[in-house]
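Engineer: Before I ask anything, here is the structure I am working with.
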Amino acid sequence: MKHFSQLGFYFILFWLSILSVNKVNAIIQPGDSLMSELAKVPKDKKVDYLMSVLEQTKGLPIQSAIQYAGEALVWAEQLNDIQDQAQVLNYLGNSYYNMSNFEQALAYYQQALKFTMRLGNRAEIANLMQKIGLVYFNSGDNKKALLYYEQTLKIFQELQFSMREAELLTSIGSIYFQWEEYQKAYDSYNLAYNIYNTLEYLPSIVNLNYLKGYSLFKLKDYNAAIKCYNEALEANNKVENKIESSKLNNAIGQLYMELKDYKQALTYFTTAYNIQVLENDKIVLAQSLNNLGCVYRELGSYRKAQEHFTQSLAISQELGLNLTKMDNYQSLYELYYVQNESKIALEYYQKYVQLRDSVFKNNPNIEKNPSSVTLQNEKLLLKKQLVFTTKLMKTTAGIAIGIIVILLFIIFRLRLQSGKLQKP
15 MKHFSQLGFY FILFWLSILS VNKVNAIIQP GDSLMSELAK VPKDKKVDYL MSVLEQTKGL
75 PIQSAIQYAG EALVWAEQLN DIQDQAQVLN YLGNSYYNMS NFEQALAYYQ QALKFTMRLG
135 NRAEIANLMQ KIGLVYFNSG DNKKALLYYE QTLKIFQELQ FSMREAELLT SIGSIYFQWE
195 EYQKAYDSYN LAYNIYNTLE YLPSIVNLNY LKGYSLFKLK DYNAAIKCYN EALEANNKVE
255 NKIESSKLNN AIGQLYMELK DYKQALTYFT TAYNIQVLEN DKIVLAQSLN NLGCVYRELG
315 SYRKAQEHFT QSLAISQELG LNLTKMDNYQ SLYELYYVQN ESKIALEYYQ KYVQLRDSVF
375 KNNPNIEKNP SSVTLQNEKL LLKKQLVFTT KLMKTTAGIA IGIIVILLFI IFRLRLQSGK
435 LQKP
């Protein structure tokens with residue numbers, strides 16, 4: 015009987031642990047009861063029900079969302095509902111695009127486009143064509159991206175959708191910028207700017223003035239570039255966007271670095287740095303510290319330069335900002351090189367080359383995109399935060415289960431000892 019009692023207790027202990035794990039998994043993976051609720055919904059309403067749940071539910075894991083969307087697609091196909099099929103395929107394309115799975119995203123967008131063309135909705139056709147162009151752009155196939163952008167632009171112009179027209183012109187400008195056709199890039203940006211200026215949409219006026227200025231900077235028309243940057247700053251004062259102000263001050267600082275006016279460069283870089291400190295924006299702060307280090311290096315203040323480069327590198331390593339880290343390695347290489355410390359310079363140069371080859375091999379469009387450093391660093395930081403949160407939740411779940419098991423084991427041991435003491 016004693017052995018049966020012990021076995022029974024271990025059996026209960028085992029199932030309590032399993033139940034604890036299932037409870038934790040239910041917290042981590044919301045929406046587990048959705049499929050049972052779906053069974054109660056009439057056939058012709060199932061797709062609408064699933065899509066409304068997906069649109070309204072926040073925090074749903076992406077794989078669960080794809081699973082439910084796949085279920086919706088099955089029902090849409092069974093009912094031969096073209097509009098529902100187009101809607102679900104578009105949703106799946108968006109999901110895979112957000113996961114950076116561009117091959118899958120492209121496949122779903124192209125299927126959605128076929129159904130949408132049968133429906134004849136020109137606005138939706140243009141919307142999907144723009145997304146396909148964006149997929150090609152992020153996949154490094156700029157020729158196909160440009161083809162889709164130009165076709166989409168014609169539709170939006172015919173529909174007189176000015177805001178979407180300006181978006182397309184900005185995207186076309188980015189392709190020309192990557193091709194180093196800076197005059198064409200400027201012309202596209204300027205057309206987009208004129209539309210936003212007519213609409214008096216200040217955030218995009220700020221951004222387009224920045225992009226125009228950067229194109230002119232590449233064309234070495236520094237006076238015109240400064241004018242665009244200053245117009246952007248003036249418009250940004252009305253918006254009061256401190257992040258944009260920081261970006262513009264950094265851009266002007268870079269321009270003065272090119273002109274070898276290091277005192278002016280230091281003024282603008284310092285302004286950008288002070289904004290980032292107040293905003294606690296570590297991602298852009300890392301780049302500003304590197305910029306300040308470059309100025310101090312050119313001014314001959316090597317100790318200050320090293321301090322700023324080292325601080326920037328520490329933040330880059332902490333947050334996984336590979337592009338900024340690459341700049342750090344190059345800057346430290348150049349710093350030690352000018353000080354004739356060839357051994358240390360070579361070490362940093364080797365690190366720079368290794369990281370550069372890795373980054374540009376996996377991301378062909380990064381190098382020539384004027385806003386790519388911040389965007390890529392933000393993606394890396396968000397990904398790191400997501401991984402950290404998932405690990406934390408799993409670790410917490412494991413600890414909770416472990417504590418339950420230990421407590422039950424202690425109770426069991428105490429009961430055994432108590433039973434032994436009661437024996438004659």
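Counted from 1, the sequence shown has number 320 at position 306 by our numbering; the numbering is strictly sequential.
Where is the CB? At the ideal position from N, CA and C, for every residue including glycine.
1. For my contact list, A119 and G107 are in at a C-beta cut-off of 8 Å; report their separation, rounded to the angstrom.
2. In whole angstroms, what separates the C-alpha of Q278 from that of L216?
3. Buried or exposed for A265, going by 16 or more other Cβ atoms inside 10 Å?
4. How many whole angstroms separate the CB atoms of I186 and I139, which I take to be in contact at a CB cut-off of 8 Å?
5. What do you reckon, are the CB atoms on L269 and F323 nearer than 7 Å?
6. Measure the C-alpha to C-alpha separation of S78 and A137 and round it to an integer number of angstroms.
7. With hydrogens ignored, establish whether the beta-carbon of A286 is closer than 6 Å to any heavy atom of the ligand NAP.
8. Relative to the C-alpha of Y110, which candidate in L133, G134, Q81 and F129 has its C-alpha closest?
9. Helix, strand or coil, according to DSSP, for A153 in the structure here?
10. What are the complete alpha helix (DSSP H) segments, minimum 4 residues, inside the stretch 118–194?
11. If I'm right that N340 touches R311 with Cβ under 8 Å, what's the distance once you round it to whole angstroms?
12. Starting from the Cα of E245, find the closest Cα among E258, A100, V220 and E254 and give me that residue.
13. What would DSSP say about D295, mapped onto helix, strand or coil?
14. Is it buried or exposed for N288, if we count other Cβ within 10 angstroms and need 16 for buried?
15. Closest by CA to Y363, which one among Y351, F374 and V373?
16. On the CB-based measure, 16 or more other CB atoms within 10 Å of its CB, does D275 come out buried or exposed?
17. G84: buried (16+ other C-beta within 10 angstroms of its C-beta) or exposed?
18. Do Y163 and L182 count as a contact pair if the criterion is CB distance below 7 Å?
19. Do I329 and K365 count as a contact pair if the criterion is CB distance below 7 Å?
20. Please confirm whether Y200 and S218 have their CB atoms less than 7 Å apart.
Structural biologist: If we stick to the structure as given:
1. For a cut-off of 8 Å, the C-beta gap from A119 to G107 is around 5 Å, short enough to register as a contact.
2. It is roughly 27 Å from the alpha-carbon of Q278 to the alpha-carbon of L216.
3. Buried, since its Cβ has 16 or more Cβ neighbours within 10 Å.
4. Not really, about 18 Å apart at Cβ, beyond 8 Å.
5. With contacts defined by Cβ atoms closer than 7 Å, L269 and F323 do not form a contacting pair.
6. Approximately 30 Å between the Cα atoms of the pair.
7. The ligand NAP is not among the ligands present in this structure, which contains no ligands whatsoever.
8. Of L133, G134, Q81 and F129, the residue nearest in Cα terms is Q81.
9. For the sequence presented, residue 153 should be read as Ser rather than Ala. Coil.
10. Whole alpha helix (DSSP H) segments, 4+ residues: 136–152, 156–173 and 176–192.
11. The residue you asked about is not Asn; residue 340 is Met in the sequence shown. At roughly 17 Å, the Cβ-Cβ gap does not stay under 8 Å, so M340 and R311 are not in contact.
12. The residue with the shortest Cα to Cα distance from E245 is V220.
13. Reduced to three states, the DSSP call for D295 is coil.
14. When all chains shown are included, N288 counts as exposed.
15. It is Y351 whose Cα lies nearest to the Cα of Y363.
16. By the neighbour-count criterion, in which 16 or more other beta carbons inside 10 Å mark a residue as buried, D275 falls on the exposed side.
17. Exposed, because fewer than 16 other Cβ atoms sit within 10 Å of the Cβ of G84.
18. Yes, Cβ-Cβ distance for L182 and Y163 is below 7 Å.
19. No. Outside cutoff.
20. 7 Å or more divides the Cβ of Y200 from the Cβ of S218.
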